[in-house]
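Structure first, commentary second.
In this note's numbering, the protein residues as written are 228 to 488.
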């Protein structure tokens, strides 16, 4: 699907300023995206209708549905008036594993929904696999460089000021990929999917997200093998504990200050 996300143009009236005329306002679109694996509907997610292939690969990887991009045989995107149906053909091995999970739960994913593959609360507390022998580090200057590039790399946010962004930068701070979505975890999935499709190494750089670093963002980063996550809003305590357990560097950027947790 094309990189240009759909949006609405709507007339608004600003009540706070009686002398100001009505203006046009761009708002992001939010559409139900049904993810159908080998004919089985696994999830219906609310997402910005753009970069659907990246979303499919990222979601499938971070939810443990597939182990590698090669497990996806084909993708068919069908846009309907009421949403998007995505038919994904995956390997028989992955599908058998998925059917076992599907028998235990069903899923509707809202834009604020995070981890969809969790079928019990206990699984949230399983010890994560470490992504590094010791917590990774990153130069302050690299983060500063990436931050100052970010605004120009988010065309949808420039238009509507209403979406999250997830970016991948190398260790010099040069942005390599950026994806946007109304849901922060969707943006992360789209970024991860885009990285996986072009074979980017997840340990050689850092993910920059414009939202808070909540548990599901950390978990998605861990599942893909990232070692560094920088958020523009503060992390949750659960996210910090999860990151520490896996030697993931988790940091916040605010007021030109890099705070590592």
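Glycine included, C-beta positions come from ideal geometry on N, C-alpha and C.
Selection from the options that minimises the alpha carbon distance to residue i
i	options	result
residue 275	264, 387, 358 and 287	387
residue 477	399, 277, 292 and 358	358
residue 372	431, 472, 396 and 255	396
residue 356	280, 472, 481 and 482	472
residue 353	259, 468, 287 and 283	468
residue 431	290, 364 and 257	364
Contacts around residue i, its chain only, beta-carbon distance under 7 Å, and the 5 residues preceding and following it disregarded
i	result
residue 312	261, 263 and 305
residue 408	274, 275, 390, 391, 414 and 417
residue 265	316, 317 and 322
residue 448	434, 456 and 475
residue 506	Nothing can be reported for residue 506: it is not among the residues displayed for the chain, which extend from 228 to 488.
residue 384	390, 392 and 407
residue 298	317, 318 and 321
residue 224	Since the first and last residues shown for the chain are 228 and 488, residue 224 lies out of range.
Which of helix, strand or coil DSSP assigns to residue i
i	result
residue 382	helix
residue 303	strand
residue 282	helix
residue 398	coil
residue 476	strand
residue 275	coil
residue 413	helix
residue 433	strand
residue 486	strand
residue 443	helix
residue 356	coil
residue 408	strand
residue 466	helix
residue 392	strand
residue 294	coil
residue 310	strand
residue 387	helix
residue 419	helix
residue 460	coil
residue 363	coil
Under 8 Å between C-beta atoms of residue i and residue j
i	j	result
residue 439	residue 463	yes
residue 300	residue 314	no
residue 309	residue 269	no
residue 434	residue 456	yes
residue 369	residue 400	yes
residue 361	residue 474	yes
residue 292	residue 325	yes
residue 436	residue 461	no
residue 259	residue 271	yes
Cβ shell of residue i (< 6 Å), same chain only, five flanking positions each side left out
i	result
residue 429	451, 452 and 453
residue 470	445 and 477
residue 441	463 and 466
residue 285	416, 417, 419 and 420
residue 380	402 and 405
residue 287	293
Close-in-space but distant-in-sequence residues of the same chain around residue i (CB under 8 Å, 5 per side omitted)
i	result
residue 280	228, 302, 304, 420 and 424
message = Is it the case that the stretch 417-427 contacts the stretch 374-387, given that we only count it when at least three CB pairs across the two stretches are under 8 Å?
response = no
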